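S.K.:
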Amino acid sequence: MEEQTPEEEQTPFENTPQAPKTPEGSPQENGPAPKSKLFAGALLAVTLVVGLYYLNRYWISPAVRAQTKSDSSHPLAPPFSLTDIAGQPVKLSDYQGKVVVLDFWATWCGPCRIEIPSFIELQKRYAAQGFTMIGISMDDSPEPVVDFYKEFQMNYPVAVGNDRLGELYGGMEGLPTTFLIGRDGRIYAKHMGATDPSVFETEIKELLAVSPAAEVKDFHQAGHIFDEDKVALGDPSVIDSEVPGVDLTKLTADQKEAYKKLLDSKPCTCGCKLTSLKCRQVDRKCGISRKLAQDQLDAFLKPKSSGVTTQ
Amino acid sequence: MRTSRERDLRQMRIFLWGSVLTLLATSVGWAQRNNSVVEAHAVMATDAGHADAPLEIAVLAQVAAGYHINEHKPSLDYLIPTELKVDPGDQFTVKNVVYPKGTLKRFAFSDVPLSVYEGAVVVGALLQVGKAVPAGTYSLKAKFAYQACNDHACLPPSSVPLIVAIRIVPRNVPLKSVESDVFQRIKFE
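Top line first, the protein sequences correspond to chains E and Z.
Each step along the first sequence adds one to the number in my numbering, with nothing skipped, and position 289 is 289.
Each step along the second sequence adds one to the number in my numbering, with nothing skipped, and position 57 is 368.
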């Protein structure tokens with residue numbers, strides 16, 4: 001059993017005021033530190049760390065990011081052409097010159113559904129000024145979307161999207177994911193998760209106020225900016241690769257064929273009963289076949305000196 | 312012998328490092344969390360099975376903190392239910408799948424409380440081994456399908472593939488109960 005020191009027997013209130021009265025040495029120099037001071041120190045340190053974390057997350061990072069954004073160009077929104085649930089074509093290029101809020105959502109997603117009434121309202125309020133909402137549903141089929149569209153009396157185009165389109169916009173890690181596109185076709189903001197309608201309204205107004213051709217260099221995304229709100233678009237050469245999601249650009253034509261043959265001989269372990277290649281081609285969402293394909297490619301590209309064969 | 316001061320300093324260091332690591336973990340983005348929002352594995356009630364006899368398996372799923380998945384019978388029509396999909400193959404038949412009751416919880420995105428699973432989830436499956444299944448080891452494939460959300464966003468529907476290696480032994484070989492604490496919680500009736 002450990003011995004208890006006299007300091008430990010004192011109450012924190014008895015001990016704390018006495019510390020300054022010992023000029024010849026601090027309690028640390030003279031013996032064990034009082035528990036109260038240790039915990040006060042720990043508490044202070046934790047408060048400091050927590051404070052710095054939130055200071056960085058809510059103040060410094062957004063400011064730095066806004067600064068960075070103002071100096072760099074905003075990426076062009078990947079073009080798409082879909083058919084909306086009313087059978088009409090929805091082409092992003094048709095909205096050049098307009099401010100667009102592109103909402104990736106799904107009927108099974110509660111946080112997505114709660115945003116829809118405010119989007120309907122934004123459409124009513126700003127359509128005449130050169131604004132439109134576009135909804136891209138990530139539902140598997142159009143039926144629930146049609147029902148939802150009627151029930152909520154949606155007043156803007158809604159199309160059923162696909163995984164490829166989601167990947168072009170950087171991958172839908174969570175829904176809703178909403179992009180704010182300027183009159184110049186560039187993406188100015190991304191919001192992942194249900195977002196306060198006032199954030200969209202602020203951003204829409206800012207983008208509506210500028211001329212169609214110019215990039216808004218000093219645009220500032222409204223609301224808090226989280227890491228997941230960073231715009232990082234997908235690489236079309238990877239997305240549209242013969243093994244979707246895997247970058248084959250480093251392979252020669254012969255290597256590509258050999259790699260595909262290898263992948264076609266490896267079963268996918270996701271439960272699909274397909275080969276890794278087939279699974280990748282029919283189910284882009286499958287993370288297991290994606291990892292298998294990437295691991296096989298890494299092994300394939302390893303120098304032969306490492307002892308790994310490439311066939 | 313370690314002094315009290317050393318012990319206090321050590322405790323403080325552990326506390327501080329723990330706090331720092333917790334904060335770092337909190338700051339990890341969605342992308343990393345996405346891949347492991349639900350982890351699951353399957354266990355059997357016995358170390359093996361007999362032909363022409365029932366066999367109990369359980370799927371132990373763990374939903375990451377801050378996330379929920381919908382109950383098997385969700386509160387609202389539009390929600391995607393949690394489901395254990397068993398591929399019984401030729402050796403087995405599925406007699407029953409037993410899901411736990413969810414917990415009613417309020418979320419910012421719903422006017423009504425939703426019945427959801429959070430944390431540990433145990434789903435049971437009662438199988439019947441075929442009459443003519445010879446002794447040997449068989450792979451039973453299953454999928455734990457779910458759709459996860461947190462309070463402000465949802466992840467696409469997903470599933471965890473499961474493979475259970477089931478050993479079938481002759482009738483004269485006694486079976487040993489395993490994982491009894493798990494199976495006590497499942498009512499297969």
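All C-beta atoms, glycine included, are put in the ideal place defined by N, C-alpha and C.
Values in this document were obtained by computation on a predicted structure and should not be read as measured data.
1. Say whether the stretch 434-442 of chain Z touches the stretch 81-97 of chain E, bearing in mind that this needs 3 or more beta-carbon pairs closer than 8 Å, one atom from each stretch.
2. Of all Cβ atoms in chain E, is any one closer than 7 Å to the Cβ of Z/I380?
3. Counting only C-beta atoms, is E/W108 closer than 7 Å to chain Z at any point?
4. DSSP three-state call for E/V100: helix, strand or coil?
5. Spell out the partners DSSP gives Z/E367 in its beta bridges.
6. Should E/V238 and E/R183 be called a contact, given that it needs their Cβ atoms to be closer than 7 Å?
7. Can Z/V471 and Z/L451 be called in contact, C-beta distance under 7 Å?
8. My assumption, with CB atoms under 8 Å, is that E/L208 sits in contact with E/Q129. Please give the rounded CB distance.
9. Should the stretch 376-395 of chain Z be regarded as contacting the stretch 415-428 of chain Z, the criterion being three or more beta carbon pairs within less than 8 Å?
10. In terms of residue numbering, what span does the alpha helix (DSSP H) encompassing E/F148 cover?
11. How long is the line joining the alpha carbons of Z/V484 and Z/S347, rounded to whole angstroms?
12. Tell me whether the beta-carbon of E/G171 lies closer than 7 Å to the beta-carbon of E/A77.
13. Taking all protein chains shown into account, decide if Z/N407 is buried (16 or more other Cβ within 10 angstroms of its Cβ) or exposed.
14. In the DSSP assignment, find the unbroken alpha helix (DSSP H) run with Z/E394 in it and report its ends.
15. Pick out whichever of Z/P467, Z/E382, Z/E429 and Z/D401 has its Cα sitting closest to the Cα of E/E173.
16. May I ask you to report which of helix, strand or coil DSSP gives E/V199?
17. Check whether the Cβ of Z/K454 lies closer than 7 Å to any Cβ atom in chain E.
18. Compute the beta-carbon to beta-carbon distance between Z/C465 and E/P142, rounded to the nearest angstrom, for a pair I have assumed lies under 8 Å.
19. Which same chain residues, not among the five before or five after E/M133, have their C-beta less than 7 Å away from its C-beta?
20. Name the residues in the stretch 247-273 of chain E whose C-beta lies less than 8 Å from a C-beta of chain Z; which are they?
21. Show which residues of chain E have a CB atom less than 7 Å away from the CB atom of Z/L466.
22. Output the boundary residues of the alpha helix (DSSP H) element that contains E/G110.
23. I'd like to confirm the pairing. Which residues does DSSP put opposite E/R284 in its beta bridges?
24. To be precise: take each residue of the stretch 188-206 of chain E, compare its Cβ to all Cβ atoms of chain Z, and keep it if any distance is under 8 Å. Which residues remain?
25. So within the stretch 238-273 of chain E, which uninterrupted alpha helix (DSSP H) runs reach at least 4 residues, ignoring any that extend past its ends?
26. Which of the three DSSP states, helix, strand or coil, is assigned to Z/F499?
27. Indicate whether E/K256 and E/L263 have their beta-carbon atoms separated by less than 7 Å.
28. In angstroms, rounded to a whole number, what distance separates the CA positions of E/L301 and E/P197?
29. Would E/T16 count as contacting chain Z if we go by Cβ distances under 7 Å?
30. To the nearest angstrom, how far is the alpha carbon of E/T252 from that of E/Y259?
31. With distances taken from CA atoms, which of E/A127, E/G135 and E/P236 is nearest E/K91?
32. Does the CB of Z/S421 have a neighbour CB from chain E at under 7 Å?
33. What residue from E/P75, E/D283 and E/T269 has the CA that sits closest to E/D163's CA?
34. Measuring alpha carbon to alpha carbon, tell me which of E/Y126, E/S137, E/R290 and E/K278 ends up nearest E/K205.
35. Within its chain, find whatever has a CB closer than 6 Å to the CB of E/F179; leave out the 5 residues flanking it on each side and keep chain order.
36. Tell me which residues of the stretch 282-297 of chain E have at least one Cβ-Cβ distance to chain Z shorter than 9 Å, keeping chain order.
M.R.: Taking the definition as stated:
1. no
2. no
3. yes
4. strand
5. Z/L437
6. no
7. no
8. 5 Å
9. yes
10. E143 to E151
11. 39 Å
12. no
13. exposed
14. Taken as a continuous stretch (DSSP letters only), Z/E394 belongs to no alpha helix (DSSP H), being part of the beta strand (DSSP E) at E394 to D398.
15. Z/P467
16. helix
17. yes
18. Their Cβ separation, rounded to whole angstroms, is 19 Å, which puts Z/C465 and E/P142 out of contact at 8 Å.
19. V101, D103, F119, L122, Q123 and Y156
20. T269, C270 and G271
21. G174
22. G110 to Y126
23. Paired residues: none, contrary to the question.
24. M192, G193 and A194
25. 253-264
26. coil
27. no
28. 48 Å
29. Residue confidence for E/T16 is low, a pLDDT of 35 falling below 50, so the modelled location carries little weight; the figure read from the coordinates is stated next. So no, E/T16 is outside the interface.
30. 10 Å
31. E/G135
32. yes
33. E/D283
34. E/Y126
35. L102, I187 and K190
36. K285, G287 and I288
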